[in-house]
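Chains as they are written, first to last, in this note's numbering: chain A, 92 to 482; chain B, 445 to 570.
Below: one structure, written as structure tokens.
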Amino acid sequence: MKQVYMDYAASTPVDSDVIKSMMPYFSKTYGNPSSTHKHGRLALQAVEHARKQVSSCFNVDPETFLFTSGGTEADNLALKGIAFQHLPKDLGKGPHIITSTIEHPAVLQTCKQLEAYGYSIAYLPVDETGLIDLDQLKETITEDTQLISIMYANNEIGTIEPVEKIGNIAHKHNVLFHTDAVQAVGKIPIDLSKLPIDLLSISSHKIYGPKGVGALYHTKDITFDPLFQGGGHEQGKRSGTLNTPGIVGLGKACELSQKRLKKDISQLEQMSDYFIKRLFEIESSTLNGHPTKRLVNNIHFRFKGIEGNALHSLLDEKGISIATGSACSSKKIQASHVLLALGLTPEEAISSIRFTIGRLTTKEEIDYVLPIVKESINHLRSISPLWKSNK
Amino acid sequence: MNQEYTEIVKDHFFHPRNVGRLSTPSGSGTVGNPSCGDVMTIDIIVENNIITEAKFQTYGCAAAIASGSMTTELIKGKTITECKKLSMNDIIKQLGGLPEEKTHCSNLATEALQKAIKNYQKNSLL
């Protein structure tokens, strides 16, 4: 059976050039990059080359990037690293960190933990398209505020936040600005030499690199506490033996992403515009998120009268992989926190699904998927007590 | 699809039996809430204390749809007394099992059935 992958926001296939670049670092150049002998030095050279590839993708100096185990660790390190420099009792009332209600769990759950430790966190709401309100951000900042963490682009609905404006506001108030750019990289040009961003998280496996590796960008003068105590790798900011093959893969993935950026963006834009246009042919279908300020690969829809997990199951049976706007727990279905934050009712959130396309997606695939989606929705609506056609 | 679903569940999900509403039911029962992700309606026709016809509608996941389909299949030709005894576990057993987090879906079907039976009994007193 034909298999169609439309969940690129979850993960991407590793590019063959990336795999090729990684191969020597498993059993040929296997030394520990921290060792001073030749085996070690060769590995270190590879790591530093990768650091250059990553940093030049963002137009900044190599020493501004440190490698992590992925986007989640980069987010944790940014938030806790800044917060832990002061005990909550030594800080004023706060808020100490300002974030949004639609952040990835890597940020949101870290904030919840910091709250449990006594830090004060402000969660900015978003409008019905997923954008934060800049005036509200200004009003929320106090002299106790250490950090603002707002994602570059949302992983579920693809809404792109006004990071430049957020950063300018942060800096005007002497506050640091962190952004989770895990979904933005490769779909939006990001020039960190020009943007008012102090900390930025990236992940390799979202940009056709291997899983288990990511990086945190940090401006040179910034100090933060490490998450791990150990051998003091990465200038003491991130202990743990460097994952040479993974880092090499991330470096190559960044280089390719930079090289292909224009082509990737125009190709994805063309295909998602077409996909969105065709999905609107379905009765009572609504695009979630922002109509224009959205990631070029994100197609997030809700279809009245159907339950997203059922549609997911039907498509899965036909070999089509997508994501839903809810998760099944033991007693009931949990609607996504992002969709609820937009002001969608639980029913609307539960009737939502996400397609995310990528470099390997073809128009043929979209044309293959469309009638199956339509049939599946018709099937579920024919069973649904909540569905009444307007036609 | 979800590998944890049995072939019987898949069959009833892809080809649900007895879908729809009855125009003159002896009893009807609707349970669930769209905001919790599932709603189930079951209509029955009862003649001489035996369920002769049953239809269902479900807004919900694969397990909920399969449970509605299986429940309506099981009750046809059975007496009201027999149907009153039908439990969530009976449906799960007939479906060849359900993943743990989906067991409440079959409960929804039996609850809708019990509500339809009560509705029938109330109607028949009028």
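For each residue, glycine too, the CB sits at the ideal point set by N, CA and C.
Quick caveat, the model's predicted, so the values are computed rather than measured.
Secondary structure of residue 181 of chain A (DSSP, three-state): helix.
By the neighbour-count criterion, in which a residue is buried when 16 or more other Cβ atoms sit within 10 angstroms of its Cβ, residue 92 of chain A is exposed. If you keep only unbroken alpha helix (DSSP H) runs of at least 4 residues inside the stretch 374 to 440 of chain A, you get 399 to 408 and 428 to 432. Taking each of A/286, A/349, A/203 and A/296 in turn and checking the Cα distance to residue 310 of chain A, the smallest one comes out for A/286.
Residue 509 of chain B belongs to the set of residues whose beta carbon lies under 8 Å from a beta carbon in chain A. Taken atom to atom, the span from the alpha-carbon of residue 295 of chain A to that of residue 559 of chain B is near 53 Å. Taken in chain order, the complete alpha helix (DSSP H) segments of 4 residues or longer contained in the stretch 449 to 527 of chain B are 451 to 458 and 506 to 519.
Contact between the stretch 307 to 327 of chain A and the stretch 168 to 178 of chain A is present: 3 or more CB-CB pairs across the two stretches fall below 8 Å.
Burial is judged here by how many other beta carbons sit within 10 angstroms of a residue's own beta carbon; residue 230 of chain A has fewer than 16 and is exposed. For residue 532 of chain B, the closest alpha carbon among the candidates B/448, B/569 and B/555 is that of B/555.
Cβ-Cβ distances below 7 Å link residue 232 of chain A to 189, 264 and 266 in the same chain, with the five nearest sequence neighbours on each side left out; the list follows chain order. Bridge pairing for residue 268 of chain A: A/239 [DSSP].
CA-CA distance, residue 538 of chain B to residue 551 of chain B, rounds to 13 Å. In this structure, the alpha-carbon of residue 536 of chain B lies about 52 Å from that of residue 268 of chain A. Rounded to the nearest angstrom, the gap between the Cα atoms of residue 180 of chain A and residue 430 of chain A is 35 Å. Only those residues of the stretch 431 to 449 of chain A whose C-beta falls short of 8 Å from the nearest C-beta of chain B are listed: 436, 437, 438 and 441.
With its beta carbon less than 8 Å from one in chain B, residue 400 of chain A belongs to the interface. Note that the C-beta distance between residue 391 of chain A and residue 247 of chain A is below 8 Å. At the C-beta level, residue 214 of chain A and residue 240 of chain A stay beyond 8 Å of one another. Setting aside the 5 residues that flank it on each side, residue 284 of chain A is surrounded in the same chain by 150 and 151, each with a C-beta closer than 7 Å to its C-beta; the list follows chain order. The C-beta of residue 501 of chain B comes closer than 8 Å to at least one C-beta of chain A. Considering only beta carbons, no part of the stretch 523 to 540 of chain B lies closer than 8 Å to chain A.
Residue 186 of chain A is outside the set of residues whose beta carbon lies under 8 Å from a beta carbon in chain B. Between residue 272 of chain A and residue 293 of chain A, the beta carbon gap of about 6 Å places them in contact (Cβ cut-off 8 Å).
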